Every structure is written in structure tokens, then in C-alpha cells.
Amino acid sequence: MRRSLGLWLYLLFSVVLIWISHHNLINAYLQLVVMFIGINIILSSSLNIINGYMGEFSCGHAGFMAVGAYVTSILNVWLFTSDRVFGPPLLSPSAALYLFPVTLLAGGVAAALAGLLVAIPSFRTRGDYLAIITLAVNYIVKSSVENIQAIGGARGFMGMRKVVNSMRDVADLPWVMIWILVFTGLTVWIIHRFVNSTYGKGIVAIRDDEIAAEIMGVDTRNMKMIAFMLSSGLAGMAGGLFAHILGYINPGTFTIMKSTEVMVMVYLGGMGSLSGSVLSAVLFTVLLELLRPLQVIKWVVVPLLLIVLMLFRPEGLLGNRELTDVFPRLRKWFSSSEKVS
Numbered sequence: 003m004r005r006s007l008g009l010w011l012y013l014l015f016s017v018v019l020i021w022i023s024h025h026n027l028i029n030a031y032l033q034l035v036v037m038f039i040g041i042n043i044i045l046s047s048s049l050n051i052i053n054g055y056m057g058e059f060s061c062g063h064a065g066f067m068a069v070g071a072y073v074t075s076i077l078n079v080w081l082f083t084s085d086r087v088f089g090p091p092l093l094s095p096s097a098a099l100y101l102f103p104v105t106l107l108a109g110g111v112a113a114a115l116a117g118l119l120v121a122i123p124s125f126r127t128r129g130d131y132l133a134i135i136t137l138a139v140n141y142i143v144k145s146s147v148e149n150i151q152a153i154g155g156a157r158g159f160m161g162m163r164k165v166v167n168s169m170r171d172v173a174d175l176p177w178v179m180i181w182i183l184v185f186t187g188l189t190v191w192i193i194h195r196f197v198n199s200t201y202g203k204g205i206v207a208i209r210d211d212e213i214a215a216e217i218m219g220v221d222t223r224n225m226k227m228i229a230f231m232l233s234s235g236l237a238g239m240a241g242g243l244f245a246h247i248l249g250y251i252n253p254g255t256f257t258i259m260k261s262t263e264v265m266v267m268v269y270l271g272g273m274g275s276l277s278g279s280v281l282s283a284v285l286f287t288v289l290l291e292l293l294r295p296l297q298v299i300k301w302v303v304v305p306l307l308l309i310v311l312m313l314f315r316p317e318g319l320l321g322n323r324e325l326t327d328v329f330p331r332l333r334k335w336f337s338s339s340e341k342v343s
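For what it's worth, our numbering labels the leading residue of the sequence shown as 3, then goes sequentially.
Below is the structure:
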């Protein structure tokens, strides 16, 4: 029972948040901020698998986010709405409520397959090739989408608002927030299980000493590919959710600046700390919103804060520790019996 307290608290938080959102007890802007926090939790915790637990350096997470965003959006618009490009809907618009998780997972699978295509050449050798290749992939994905006019090209792709409205026609609830809460919780749970599994111990061994891990019988290449596909797939699902918040996506959203934001969150929270990823996503999202009026100097303030962090807290807020390590009394309530260090 104690082990499930964290789950019950999250469910209680989610129900309360949905209730106050449904009754407009918090305004639309605060609802947006909460949803962006959920998206950033998925992005930062998924990238932490690669940059933190595995010790590699990926800097093109926004590219995989874009793949998931466009695949999920295109499927939903094609299946559930009338569109000038795709024609009449193939299914009843009301079915969007029940099939949205399926299309979201399809976007995640597409992003995971894109991650596999990146991982195959990247992990044949050791070194900084992954950083270079993921950076290139980020630019390739953005440029490709900009030149496909059928999905809006540089103007962007829209129609997801109709999908969300179809869900609300079935039941008048904040469905995008509901799905974000569901998949944010699932993401944290999946990553927690993964890093405490045999695969998680394998990628930590790779981070500590890849040659020694190979000698001990760890299939390092397959471990890396599985971890990278999981990370990419989760980023793709974050992209699919992100696309349905505003009902519109633009290739300019998925630039190297977006990838940089995710990397900042990983390093802010601590490499190899799932709790740190969640905490940093909350803090960083709130910080960006506070700096929103300062559009011109926002990306001067944020790098300066990162420099200060690197000078005085180079391991991040939590390092590779979890909140249960910082506050041991929480361990009996929230932690599992295993821990990856």
C-alpha cells in the first residue's frame, strides 16, 4: 500500500486539476502552463535516458518530437475531420476520443523508428558521432517538413482543434489536459521501470565503462539502440500531445533551440536523475513564462543562469540522486526496492 502512495497522490492531483480546469477555476493561460509542464517532463526525462543514464550526447530531441507531432496530427486530421487535402473523415469524429491514444502511440512508434535509423550508424563506433548525427537529423526533419506543401510546408499544419472539439462534443472535459496527465504519468513510470531493469543497469554500465561492460557480457550496441528508441518514441508522443494543445504546429517550433531547451532541463535537474528531470521541467517552464515579457533578452538570461549553475552546481540540482536520496524519509513511501546509481 505504501509503495502505491505516490500513484494515489498523482491521481488525486490529476482529478483535482481536471475538476478545477473544467469549472474554469483557473484561467486558460494557467491551464496552458500546466500542460506545457507535462510536455517538458516527458521531453526532459526521455532525453535523460541518453544524456544522463547512458552517458551519450544527443542534441536533436526536437527532431523526434517533430516526427511524432506531424504523424499524430496527420492521422487525426485524416481520420476524424474534413480537410481540403485529405477529404472527408474516414471515421466518425466522435471516435477521436477513443482512438486518440492509438494515433499518439503511432506517432511515438514513428519517432522510435526514426531513432532507430539514427542509432544504427551512430552506435557502430564510439565518440561524439551521436551528437553530430542527431544535430543533423534535427535540421533534416525541419527542412523536410518545410518543403512538403501537402502538410502546410513552412506555413505549418492545422486542423487538430477540430479533433479536440470532437472529443469535447462527446464529453465536455479538458481532454488534452487529461491525455497529457495520463501520458506524463505513464512516461515517468516507464522510465522508472526501465532504469531499474536489466536494460537500465546495462546502460549505466556503458556510461561508467563501455569496454568493461562488453567484457562482462553486456551487448552494448543493442542496449544503446533500445534505449535510444525508447527515448525517441517518448519524445514523439510529447510532440503529438504538444500539437493538440494549440491545434497548430509549425516547423519553426522544432529547431535546435527547442532541443537546447530540453538539454538545459536535463542538465539543470541532474544527469541520471528522474526526479531531477521532473523538478527541472517544472522550474524551467515557469522560468520561461516569467521571462516571456522579455522576449529580446530571454535567451540571454537563460544561458547566464545555466553558466551560473555550471559554476556553482555542475552536477545539476540533484546530480544523479533522486528525491528519496535527498529526503530519506520519503523512501519508504515512494521509492522502489531497487535503485540505479
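Backbone N, C-alpha and C define an ideal beta-carbon position, used for all residues, glycine too.
All figures in this text were calculated on a predicted structure; none of them were measured in a lab.
With a cut-off of 8 Å on Cβ pairs, the region 205–212 is in contact with the region 54–66, counting three or more such pairs. Residue burial annotation: residue 98 is buried, with at least 16 other C-beta atoms found within 10 angstroms of its C-beta. In terms of Cβ geometry, residue 275 and residue 66 do not form a close pair [threshold 7 Å]. In the DSSP assignment, the residues bridged to residue 85 are 89. The continuous alpha helix (DSSP H) containing residue 234 extends over residues 222–248. Remark: C-beta atoms of residue 186 and residue 43 approach each other more closely than 7 Å.
Using a C-beta cut-off of 8 Å, the region 163–176 makes no contact with the region 192–200, since fewer than three inter-stretch Cβ pairs fall below that distance.
No Cβ-Cβ contact shorter than 7 Å links residue 277 with residue 267. Contact between the region 104–117 and the region 74–92 is established, with three or more Cβ pairs separated by less than 8 Å. For residue 324, no alpha helix (DSSP H) encloses it, and the DSSP letter there is neither H nor E. By the Cβ-count criterion, residue 200 is exposed, with fewer than 16 other Cβ atoms from all chains shown falling within 10 Å of its own Cβ. For residue 232 against residue 51, the beta-carbon gap comes to about 6 Å, under 8 Å, which counts as contact. Following the DSSP letters along the chain, one finds residue 194 inside the alpha helix (DSSP H) bounded by residues 177–197. One Cα belongs to residue 179, the other to residue 290, and the distance between them is close to 20 Å. Taking residue 82 as the centre and dropping the five residues before and after it, the same chain places the C-beta of 91, 93, 95, 97, 98, 165 and 168 closer than 7 Å to its C-beta, in chain order. Exposure of residue 84 is indicated by the presence of fewer than 16 other C-beta atoms within 10 angstroms of its C-beta.
Here the region 29–40 does not lie against the region 251–268, with fewer than 3 beta-carbon pairs under 8 Å apart. In this structure, DSSP gives residue 251 an extended state, which the three-state scheme calls strand.
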